[in-house]
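Remarks on the structure that follows.
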DNA sequence: CTGTTAGCGCCTTCAG
DNA sequence: CTGAAGGCGCTAACAG
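Protein chains in written order, with the UniProt record's numbering: chain P, 1 to 346; chain F, 1 to 346.
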């Protein structure tokens, strides 16, 4: 009676095979699987047995063609994503999707090669039930290109006009960090930015500018351009070292930049936090293992992913009451050893 | 004449719409797209125009159902993957797949919950043309479970019986590192392991054991259990510190463990490399930014992914001459500041 | 409750 | 070179 899936090269069993094996119609098989309560127990069991015997799995393509969901979500990322940050966001997404029987396709958007066409093709090929756009993608693809195909779309870590998005309170958090540093005596700040087109970076910079605008008589805020990568953090440190009047507080737009910055600064004999305080952004694992441990603004990475996926599934399911607008998660300021009182000084 | 895709809510155009719009049969449309040379230029152009006008994209589900490829590859990973390592492998995979018009599904395998069924379901649902299994998955899912569905399968960073796999020369490289350390005076080594069931870890440990077996009169090799994570590296450091006779050379099975190890050791007043030399494995970006910079065995992460994807596509395309067996890529020993001469000592 | 039937959109013979 | 027609596997009406 056992005999799982005959020989080997046979093509997989179809619903017809199951129907014959169980002595019922294909419709009954379909129902026994999708709506068991509509099938008399006796038949249902025969079907279930046949399914097991033959090792039958519904063909997803056929299901999709017939009009049902594909249970596939396209997740669009940039080729140059920050692994420590987004890997955990992906985990969050996957966790929520898997729990609901969905799977994710990873679609890397290459900024250099004009590959967007490829993506839009995919989106219109009817393969997916929805799209999740991760930070940066919005600006890169101009946002509406992603909306155009008419698929349910949720944006994570950046906002696309008229599209539900999941964000963190980046502006508030970085101001909170600034305020903390101000409180312990710092008056000269520098912001290590991300790419100028990045949504997060804009939010942070705008909030910071507004905050210091109100304090412009007593404080100074500089800005050094970066792009989230360690390399750009090291470059920023060189510029910092070369400056005539060095800031005493660094607000970095990513932990990776902050850590590289500290490394270079220390090498040049600048003490952290004695000479300069450094605050990162993201809360990646390595913030605990660098020297000194990094004060940072921790983003709920897993939750970002989970929440984004959740909202998307809601929309797909048609629970679209609260659709539009943003969901804002809260960050946490984690004080560690890279920040301290401003150095005494004239 | 313009008018891209009507109003908005209409369902997407099908091949029939295109055929009507162009005044030809559906068969001609199909051919014009798949085998243009078989269609008279005049008609071909009419079709191409209609395609553009309507914004037509072939429906992937229908194509797949009709028997063609889905151009979808399932990439199976573990829920607890090491982001710094695998993110780059994924990039390599994506790069090769995208270049050939394929996309990847990320299937996280959860070790805790028995979720494998879900995966096998997916594999048999006829959605994919092939499967890429990343390190660790093989052992977890017992390998053959993945082979069973009869899909083309390639394993990366671990070997599955009778399945093509892409590996690095881990054994040779770690022995090379050991040899280097031996050459500069070290005689007491400790290996920080990964999970005991991990394929890579086994390869490394076996090679190391063999190497030291031949030197057992003059050398000592200890082993501390870890699992690749920083946390376990820190725990290993505690054990190291507590040991009566401390080894002078640490061979870590991951950079993340090595970095955490150094952090804890330094905190306890142990100098790296003055008192103990530390060598990592993987060559992640942070190896350059920790203190001191980490000597490590760099794995060609991007190439691992790219090569794995390449082999899989070859198999799918039927170029299966060189199918079985392994492809071995070479690692590079990167000497940095965390290793040095063994301390003088009785 | 269960079976019959009609397509979903596409590609690929098979005739013309 | 082009058109007509069947069917991939499945499910949702519609009858019984």
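Glycine residues also receive a C-beta, built at the ideal position from the N, C-alpha and C atoms. Every value quoted in this text rests on a predicted model; they were computed, and no experiment measured them.
For residue 86 of chain P, the closest alpha carbon among the candidates P:50, P:51, P:254 and P:102 is that of P:254. With a threshold of 8 Å between beta carbons, residue 49 of chain F makes no contact with chain P. Among the bridge pairs identified by DSSP, residue 107 of chain F is matched with F:76. Look at the beta carbons and you see the segment 87 to 98 of chain P not touching the segment 49 to 57 of chain P: under three pairs across the two are nearer than 8 Å.
Within the segment 284 to 308 of chain P, contact with chain F at the beta-carbon level (separation under 7 Å) is assigned to 285, 286, 289, 290 and 291. Cβ proximity to chain P below 8 Å picks out 259, 260, 263, 266, 285 and 286 from the segment 257 to 287 of chain F. In chain order, 125, 126 and 127 make up the part of chain P whose C-beta sits under 7 Å from the C-beta of residue 60 of chain F. Between residue 92 of chain P and residue 246 of chain P, the C-beta spacing is not below 8 Å. One finds nothing in chain F with a Cβ atom closer than 8 Å to the Cβ of residue 100 of chain P; even the nearest lies about 11 Å away. With at least 16 other beta carbons inside 10 angstroms of its own, residue 13 of chain F counts as buried.
Residue range 188 to 192 is occupied by the beta strand (DSSP E) that includes residue 192 of chain P.
Among the residues of chain P, those whose CB is under 8 Å from the CB of residue 65 of chain F are 59, 61, 62 and 65, following chain order. A contact is defined here as three or more CB-CB pairs under 8 Å, and the segment 60 to 76 of chain P meets this definition with respect to the segment 94 to 104 of chain P. Within chain F, the C-beta atoms nearer than 7 Å to that of residue 94 of chain P come from 106 and 108, in chain order. By the criterion of at least three beta-carbon pairs nearer than 8 Å, the segment 284 to 297 of chain P is not in contact with the segment 122 to 136 of chain P. Contact of residue 121 of chain F with chain P by beta-carbon distance below 7 Å involves 57. The beta carbon of residue 70 of chain F falls within 8 Å of a beta carbon belonging to chain P, placing the residue at that interface.
Burial check for residue 174 of chain P: the Cβ neighbour count within 10 Å reaches 16 or more, so the residue is buried.
The beta-carbon separation of residue 240 of chain P and residue 258 of chain P, rounded to 12 Å, does not stay under the 8 Å limit for a contact.
Chain P has no Cβ within less than 8 Å of the Cβ of residue 198 of chain F. Excluding its 5 nearest sequence neighbours in each direction, residue 215 of chain F has C-beta neighbours in its own chain below 8 Å: 182, listed in chain order. For residue 36 of chain P, the nearest beta carbon of chain F is not closer than 8 Å to its own beta carbon. In the three-state reduction of the DSSP assignment, residue 30 of chain F falls in the helix class. Using a CB distance cut-off of 8 Å, residue 83 of chain P counts as an interface residue toward chain F.
Shown here, residue 312 of chain F sits in a helix according to DSSP, grouped into three states. Annotation: residue 32 of chain F to residue 44 of chain F spans about 6 Å, alpha carbon to alpha carbon.
Note on geometry: alpha-carbon atoms of residue 256 of chain P and residue 291 of chain P lie some 13 Å from one another. Proximity of residue 26 of chain P to chain F, defined by a Cβ-Cβ separation below 8 Å, is not satisfied. The three-state secondary structure of residue 246 of chain F, taken from DSSP, is coil.
Within chain F, the residues 285, 286, 288 and 289 have their CB atoms less than 9 Å from the CB of residue 230 of chain P, given in chain order. Within the segment 163 to 207 of chain F, the complete beta strand (DSSP E) segments at least 3 residues long are 165 to 168 and 188 to 192, listed from N- to C-terminus. Neighbours of residue 87 of chain F across chain P, judged by C-beta separation under 7 Å: 83 and 87. Per the coordinates, the alpha-carbon of residue 206 of chain F lies some 7 Å from the alpha-carbon of residue 171 of chain F. The closest CA to that of residue 158 of chain P, considering only P:168, P:71 and P:309, is found on P:168. A distance of 8 Å or more separates the beta carbons of residue 152 of chain P and residue 185 of chain P. Between the beta-carbon of residue 50 of chain P and that of residue 27 of chain P there is about 14 Å, and that puts the pair past the 8 Å contact cut.
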